């Protein structure tokens with residue numbers, strides 16, 4: 354059973370370019386979460402999605418950032434017109450449906466490390 | 017709203033010594049609590065979780081944690097540190113009910129000295 358997959362693992366962009374980060378959840382998981390880890394900091398929640406729905410985007414910056422989880426294919430975190438402050442590790446996690454504690458356990462991917470030059 | 021405080025951003029122990037990493041939480045409803053470990057340039061690996069069953073939770077690699085409601089704590093312990101335990105450890109909380117986002121502590125970097 355493959356774990357959460359993220360690609361690319363490393364991404365280098367110049368200021369003003371777009372960054373697209375992909376996440377494929379674990380098999381059977383319908384909930385996807387994106388977190389950002391800035392250097393020397395913990396993970397901060399960005400957005401929570403289910404298939405074709407954004408459930409909670411309270412942690413997303415208001416501009417330039419968007420996320421989707423289409424009916425088919427991976428979840429995408431998109432950052433437009435990147436700036437140096439966007440340099441960070443972006444982690445995706447997934448969990449199965451349900452509200453018990455075990456079902457709310459999140460399993461993390463290896464992350465995408467974005468470097469903005 | 018929930019929050020997590022990890023006391024001590026850096027902890028050093030000698031190989032074979034007790035490991036104690038502290039985590040205190042704050043939540044308005046019964047929490048679910050997690051410890052994750054992160055090795056350099058890798059993702060987060062789940063060590064153990066408390067989901068309202070037994071208060072003493074055993075995880076992988078010999079780690080365990082005890083949920084103490086009266087102290088609002090969920091400290092992580094291991095009786096004997098191994099060199100391979102050197103990593104960053106994160107405590108995280110989510111709430112019972114429909115809430116799903118994890119709130120993480122700022123992390124504790126564990127160094128194991130030979």
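Chains as they are written, first to last, in my numbering: chain Y, 354 to 470; chain D, 17 to 130. Glycine residues also receive a C-beta, built at the ideal position from the N, C-alpha and C atoms. Just so it is clear, the structure is predicted and the values come from calculations on it, not from any experiment.
On the criterion of 16 or more Cβ atoms from any shown chain inside 10 Å, does residue i qualify as buried, or is it exposed?
{"i": "residue 372(Y)", "result": "buried"}
{"i": "residue 441(Y)", "result": "buried"}
{"i": "residue 343(Y)", "result": "There is no way to answer for residue 343(Y), as the model of chain Y reaches only from 354 to 470."}
{"i": "residue 55(D)", "result": "exposed"}
{"i": "residue 424(Y)", "result": "exposed"}
{"i": "residue 67(D)", "result": "buried"}
{"i": "residue 380(Y)", "result": "exposed"}
{"i": "residue 28(D)", "result": "exposed"}
Nearest chain Y C-beta to residue i closer than 8 Å, yes or no?
{"i": "residue 67(D)", "result": "yes"}
{"i": "residue 79(D)", "result": "no"}
{"i": "residue 106(D)", "result": "yes"}
{"i": "residue 55(D)", "result": "no"}
{"i": "residue 117(D)", "result": "yes"}
{"i": "residue 48(D)", "result": "yes"}
{"i": "residue 90(D)", "result": "no"}
{"i": "residue 59(D)", "result": "yes"}
{"i": "residue 121(D)", "result": "yes"}
Are the C-beta atoms of residue i and some chain D residue less than 8 Å apart?
{"i": "residue 394(Y)", "result": "yes"}
{"i": "residue 463(Y)", "result": "yes"}
{"i": "residue 444(Y)", "result": "yes"}
{"i": "residue 415(Y)", "result": "no"}
{"i": "residue 384(Y)", "result": "yes"}
Can you pull the DSSP bridge partners for residue i?
{"i": "residue 88(D)", "result": "Answer is none; residue 88(D) lacks a bridge partner."}
{"i": "residue 25(D)", "result": "Its beta-bridge partners do not exist; DSSP assigns none."}
{"i": "residue 37(D)", "result": "92(D)"}
Got a sec: is the Cβ-Cβ distance from residue i to anything in chain C below 8 Å?
{"i": "residue 32(D)", "result": "Of the protein chains in the structure, Y and D, none is chain C."}
* **Cβ contact (3+ pairs, closer than 8 Å) linking the segment 63-74 of chain D and the segment 82-91 of chain D** => yes
* Asked: Is the segment 33-51 of chain D touching the segment 384-393 of chain Y in the sense that three or more CB pairs, one from each, lie closer than 8 Å?
  -> no
* What runs of the beta strand (DSSP E), each 3 residues or longer, lie entirely inside the segment 362-437 of chain Y? -> 363-366, 372-377, 384-390, 396-403, 406-409, 418-421, 428-432
* the segment 449-460 of chain Y contacting the segment 428-437 of chain Y, beta-carbon criterion three pairs below 8 Å -> no
* Asked: Do the segment 355-369 of chain Y and the segment 404-414 of chain Y make contact, defined as three or more Cβ pairs closer than 8 Å?
  -> no
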